[in-house]
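Here the sequence shown is numbered in our numbering, starting from 5 and rising by one per residue.
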Amino acid sequence: MIRKVNHITFPVSDLGSAIAFYEGVLGLKMTGKWSNYAIFDVGGVEFGLEPGGKQSIFLLVDDLEREYQNMVEMNVHFLTPPEDQPWGGRAATFTDPDGNRFTLVQFNE
């Protein structure tokens with residue numbers, strides 16, 4: 005079962021300009037920054053900014069393997085199977101019928 009929207013990644017053309025907008029104009033708090041990614045907290049949902057990235061909505065689930073299997077049985081098109089991620093969770097990315105990207109995510113305890 006999907007518990008909540010955990011994270012949304014937005015593609016940006018220039019990370020520095022995007023950070024200036026999200027901090028200076030929108031007044032959001034940056035909670036993490038790397039050379040190719042920045043994260044902001046928006047009421048408990050993370051907004052990630054990635055130069056040249058793809059827009060993706062991360063959906064938090066309790067049991068990634070079960071959700072993945074259920075969705076595969078319903079012919080959902082997955083771009084990636086469940087995989088361990090360097091940031092400490094497991095994730096699997098799929099598209100809806102219009103090609104919008106979603107990632108099921110489960111954090112390791």
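Cβ coordinates follow ideal geometry from the N, Cα and C atoms, glycine included.
- Going by DSSP, V65 is part of no alpha helix (DSSP H) but of the beta strand (DSSP E) stretching over S60 to V65.
- According to the DSSP assignment, E50 belongs to no alpha helix (DSSP H) but to the beta strand (DSSP E) extending over V49 to P55.
- In terms of CA proximity to T84, F106 leads the group I23, D45, K37 and F106.
- For V80, there is no enclosing beta strand (DSSP E), as DSSP gives it neither H nor E.
- Between the segment 11 to 31 and the segment 67 to 83 there are fewer than three inter-stretch CB-CB distances shorter than 8 Å, so the stretches are not counted as touching.
- Rounded to the nearest whole angstrom, the CA to CA distance from V46 to K33 is 8 Å.
- Residue pairing of M34 in beta bridges, as defined by DSSP: F44.
- Across the set Y41, L30, S17 and G31, the C-alpha of Y41 shows the shortest separation from the C-alpha of H11.
- In this structure V76 is not in contact with M5, their Cβ atoms being roughly 16 Å apart against a cut-off of 8 Å.
- Between S39 and the set E54, G31 and G48, the nearest pair of CA atoms involves E54.
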